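In our numbering, the protein residues as written are 241 to 369. Cβ atoms here follow ideal geometry from the backbone N, Cα and C, with glycine treated the same way. This structure is a prediction, so every number in the text was calculated from the model and none was measured. Report on the structure given below.
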């Protein structure tokens, strides 16, 4: 299976040189995804909404590549304040509680823009049929 690039259509993808996801064989590598709401074209102010938006964007990229959320085997979470961890983990439990990928959380000093509170990246492996 050839390498396939998944795009959200953002002009940044070409100018910065990244893809929302790369499908390579049985693996999907989803880039760090922030909480931007592509429906309203806004960034919510709370970490819960941002975390949910991250997962919505990730799910859309995975589906476009022929994967399901259940295929996620690895997740890395970045939050900009330790006080966000409980709210973020509550969303992780809602979305990934039955999937339970190997995961790491990092508290970082900042993300690309000050309004960004969380970023999530995942790796998925297609399950055999």
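Can you tell me whether DSSP reads residue i as helix, strand or coil?
{"i": "residue 316", "result": "strand"}
{"i": "residue 352", "result": "coil"}
{"i": "residue 298", "result": "helix"}
{"i": "residue 339", "result": "coil"}
{"i": "residue 277", "result": "strand"}
{"i": "residue 282", "result": "strand"}
{"i": "residue 272", "result": "strand"}
{"i": "residue 243", "result": "coil"}
{"i": "residue 359", "result": "strand"}
{"i": "residue 304", "result": "helix"}
{"i": "residue 250", "result": "coil"}
Report the option in the options whose CA atom is closest to the CA atom of residue i.
{"i": "residue 357", "options": "328, 262 and 258", "result": "328"}
{"i": "residue 331", "options": "305, 294 and 301", "result": "294"}
{"i": "residue 365", "options": "348, 272, 315 and 288", "result": "315"}
{"i": "residue 307", "options": "317, 249, 266 and 282", "result": "266"}
{"i": "residue 349", "options": "338, 322 and 333", "result": "322"}
{"i": "residue 281", "options": "340, 245, 334 and 249", "result": "249"}
{"i": "residue 318", "options": "273, 347, 247 and 283", "result": "347"}
{"i": "residue 367", "options": "272, 360 and 339", "result": "339"}
Which one or two residues does DSSP pair with residue i in a beta bridge?
{"i": "residue 346", "result": "318"}
{"i": "residue 365", "result": "267"}
{"i": "residue 334", "result": "Partner(s): none; residue 334 has no beta bridge."}
{"i": "residue 287", "result": "The partner list for residue 287 (beta bridge, DSSP) is empty, contrary to what the question assumes."}
{"i": "residue 262", "result": "245 and 269"}
In whole angstroms, what is the alpha-carbon distance linking residue i and residue j?
{"i": "residue 312", "j": "residue 362", "result": "7 angstroms"}
{"i": "residue 183", "j": "residue 351", "result": "Outside the displayed range of the chain (241 to 369) lies residue 183, so it cannot be described from this structure."}
{"i": "residue 285", "j": "residue 336", "result": "23 angstroms"}
{"i": "residue 263", "j": "residue 243", "result": "6 angstroms"}
{"i": "residue 278", "j": "residue 354", "result": "18 angstroms"}
{"i": "residue 324", "j": "residue 344", "result": "15 angstroms"}
{"i": "residue 252", "j": "residue 260", "result": "10 angstroms"}
{"i": "residue 258", "j": "residue 326", "result": "30 angstroms"}
{"i": "residue 297", "j": "residue 288", "result": "14 angstroms"}
{"i": "residue 245", "j": "residue 342", "result": "24 angstroms"}
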